[in-house]
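**Q** Counting in UniProt numbering, the sequence shown runs from 1 upward without gaps.
Ideal placement from N, C-alpha and C gives every residue a C-beta, glycine not left out.
Because the structure is a prediction, the values reported are computed rather than measured.
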Amino acid sequence: IEIFKLYAHRFPHCMTLTDKDGRTPLMHAAKHGCDGIVEFLLDSGIHPDDADNEGSTALHFASAYGHINTIKLLVIRGCRYATRNRAGCSATDWAYSSAVQTALESKQCSGEH
């Protein structure tokens with residue numbers, strides 16, 4: 001995480017770059033459960049509800065890959081729980097794990113936004 005922070009401070013524009021699919025560093029960090037980077041990006045002003053080309057957010061990716069702590073962090077920091085992508089799927093729909101579905105549905109992440 002320290003190397004990422006150094007790079008981000010030196011090249012702040014990198015925090016808002018997107019790949020060919022419209023995915024941001026926040027989405028990639030959420031997908032891989034890198035909570036320290038997720039928190040750093042959110043602290044740096046990156047919006048948690050930014051969506052990729054398909055309308056999916058960081059919460060969709062954290063949910064799909066089963067990162068419950070990342071899900072909680074995103075929701076606590078303002079990510080909207082019920083956002084649906086272009087296919088009409090919410091983060092709960094993307095959850096393959098019943099534990100993730102339970103966490104999202106029970107809103108133990110801090111409530112619906």
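1. Thinking just about the alpha-carbon of each residue, which of L26, E39, L6, T57 is nearest to the one in residue 114?
2. Where does H9 land, buried or exposed, given buried means 16+ other C-beta within 10 angstroms?
3. Return the CA-CA distance between P12 and L42, expressed in angstroms with no decimal places.
4. Give the DSSP-derived three-state secondary structure of K5 in the structure shown.
5. Would you kindly report the start and end of the unbroken alpha helix (DSSP H) that includes F40?
6. Using a Cβ-Cβ cutoff of less than 7 Å, which residues in the same chain neighbour S56 once the five nearest sequence positions on both sides are dropped?
**A** Short version:
1. Only positions 1 to 113 of the chain appear in this structure, which leaves residue 114 out of reach.
2. As a working note, residue 9 is residue 9 in the sequence shown. Counting Cβ neighbours within 10 Å, H9 comes out exposed, since fewer than 16 surround it.
3. For the purposes of this step, residue 12 is taken as the residue at position 12 of the sequence shown. For the purposes of this step, residue 42 is taken as the residue at position 42 of the sequence shown. For P12 and L42, the distance between alpha carbons rounds to 13 Å.
4. Translated into the one-based positions of the sequence shown, residue 5 becomes position 5. Here K5 sits in helix by DSSP.
5. Counted from its first residue, the sequence shown places residue 40 at position 40. DSSP places F40 in the uninterrupted alpha helix (DSSP H) bounded by 35–43.
6. Stepping through the sequence shown from its first residue, residue 56 is reached at position 56. Around S56: N85.
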